[in-house]
Amino acid sequence: VEVSLPSFILSSTRLPLSRRLQIIRDCAFGLNWLHCCDPPFVHGDVQPKYFYLDVGSRVKICDFGLDRELDDEFIPNPRYAAPEVLRGENPVGKSDCYSFGMLILFIINRAHPYENMSENEIKNQLISGQLTPSIAEILPNLGKLVTACVGTQVNQRPIMRQILKVTDVILIDSSIADSTGKKFWRRHFFQRDEVTWKEIEATLWQCYLPTQIIYDTSSQNYQRKQDINKKLMYFRGALLDMKFALPGNEEFIFLWRLGFILQFFGPLLDKNQKALPFLTRLFKTLSEDWFFGNIDAEDACTLLSKEKKGVFLVRFSTSTPGNFAISAKNKNEIGKKDEDFTHWRIAHEPLSDLYTIKGRSYASLPLLIESEREILELSEACGGSPYSQFRMEERELIKLGYLS
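Shown next as structure tokens:
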């Protein structure tokens, strides 16, 4: 079911910045497509109500200025229309660019521009040059883009093609904190926000993994290749949020999801520009029975409620990017409790090699759990980890001949 952009933006109580930036980029892509038509097509009435999200959450543009073409008494919306359009001039491509700048403010601030002013007040002050939009509270690079878009001098505004390139850069920079991850996406997938797993896998093998073992049939290198393929399978599962498909099926990986995973297991590449240390780091954690990944404290308590005392699981922290958390059925520990459960935060700065709990630091998450079991009175891992299907998947791939 399609949903209008205003409904989606204003009703979503917890809409991540990365998702809003994705929507901004999609809007820019659509407007740039119109402007690149032969002859170029000017929308002329860019505002939120003419954008929709389809069932795949991708943005679509509608209307294409038909209201303006069919209505001799068409009145532009002063919250989004360029000053020259409000003065009665015909809109041009850079008038759409002005409106796009105002659209960015709506998406980021989740409120219509100048919401405390009447439309007549807005129109009069824009025409007289007494009113400029407030952009102080948005990302610096995005603020610079909005400032350029809403410039009063029409010829000094950027064109949509330039705007699209800037939104691509902003989207990558805001979605991925890891500098090596940013470079990876920019180099191989610039101006794309989703790619297939096959593309990521092929790129890793071609540029960042030991390619010599692909064609070497010696038993030693064959085993190394199988080991890397197993780690790639776990990486694939993490990127797909545990939604598995056997090789041959198309699965799309989103930019924001790569950024999310790298917060916990990055950097993607080491100082030699190789990805194997990252894959090994991720594999060592995801292959543990106690790791549950994407669940919050409430879901953890639900899972543990049926278990005996001392049973535990480890998950991503939902409050602090890059951190992990241990949730356990209580014995006698006095900590941050939720009735019969205790939750401990594991501090881990994104892209750091240290994992710290209660002032004690370790070089890996598995080492921390092994060392803290007795101290925290942790008995055994909670059953039912969603990552347990990795091992079932591994057995299936061995049966089909993809792994040995």
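For the sequence shown, the residue numbers in the UniProt record's numbering are 1 to 404.
Don't be surprised by glycine CBs; every beta carbon is placed ideally from N, CA and C.
Quick caveat: nothing in here was measured; it's all calculated off a predicted structure.
When only Cα atoms are considered, Glu-84 and Ile-75 end up about 13 Å apart.
A Cβ-Cβ contact shorter than 7 Å links Ile-135 with Val-146.
Taking all protein chains shown into account, Pro-48 has 16 or more neighbouring C-beta atoms within 10 Å of its C-beta and is therefore buried. Contact annotation, Met-102 with Pro-133: C-beta distance approximately 7 Å; criterion of less than 8 Å satisfied.
Excluding residues up to 5 positions away in sequence, Asp-270 lie with their Cβ nearer than 7 Å to the Cβ of Pro-277 in the same chain.
One thing to note: Ala-347 has its Cβ no nearer than 7 Å to the Cβ of Trp-290. For the 7 Å CB-CB criterion, Pro-78 and Ile-122 form a contact. Note on geometry: alpha-carbon atoms of Phe-190 and Gln-130 lie some 39 Å from one another. Counting only residues of its own chain and dropping the five nearest sequence neighbours on each side, Tyr-50 has a CB closer than 7 Å to the CB of Ile-61, Cys-62, Asp-63. Out of Arg-315, Asn-330, Asp-340, Thr-320, the CA that lies nearest to the CA of Pro-366 is found in Arg-315. Measuring C-alpha to C-alpha distances from Asp-45 to each of Phe-283, Ile-23, Gly-56, Tyr-80 identifies Tyr-80 as the nearest.
The continuous beta strand (DSSP E) containing Glu-194 extends over residues 194-196. Taking Glu-2 as the centre and dropping the five residues before and after it, the same chain places the C-beta of Tyr-52, Leu-53, Asp-54, Val-55, Lys-60 closer than 8 Å to its C-beta, in chain order. Under the Cβ criterion (8 Å, minimum of three pairs), the segment 197-206 counts as touching the segment 230-242. Within the same chain, Cβ atoms closer than 6 Å to the Cβ of Ala-325 are found at Arg-315, Ser-317, His-343, Arg-345, the five residues on either side in sequence being excluded. Inside the segment 135-195, DSSP marks whole alpha helix (DSSP H) runs of 4 or more residues at positions 140-149, 160-175, 179-189, from first to last along the chain.
Ser-18: not part of any beta strand (DSSP E); member of the alpha helix (DSSP H) spanning 17-35, first to last residue. By the criterion of at least three beta-carbon pairs nearer than 8 Å, the segment 255-272 is in contact with the segment 175-189.
In the three-state DSSP reduction, Arg-360 falls in the strand class (E or B). Pairing Phe-29 with Ile-375, the inter-Cα distance amounts to about 54 Å. Counting only residues of its own chain and dropping the five nearest sequence neighbours on each side, Gln-212 has a CB closer than 8 Å to the CB of Asn-221. No residue range can be given for Trp-290, since it is assigned to no beta strand (DSSP E) and is classified by DSSP as neither H nor E. Annotation for Val-85: the continuous alpha helix (DSSP H) segment containing it runs 83-86.
Leaving aside the five residues that flank Leu-268 on each side, the residues in its chain whose CB is nearer than 7 Å to its CB run, in chain order, Asp-178, Thr-180, Gly-181, Phe-184, Leu-262, Ala-275, Phe-278. Across the set Pro-113, His-43, Arg-25, Thr-280, the C-alpha of Arg-25 shows the shortest separation from the C-alpha of Val-169. Between Arg-20 and Ile-107, the CB-CB gap stays under 7 Å.
Separation of Ile-228 and Leu-142 (C-alpha to C-alpha, rounded to the nearest whole angstrom) is 39 Å. The segment 289-327 contains, as complete beta strand (DSSP E) runs of 3+ residues, the segments 291-293, 312-316 (chain order). Look at Ile-75 here: in three-state DSSP terms it is coil, with no helix or strand label. DSSP places Arg-345 in the strand class (E or B) of the three-state scheme. Inclusion of Gly-322 and Phe-235 in the CB contact set at 7 Å is not warranted, their separation being larger than that value.
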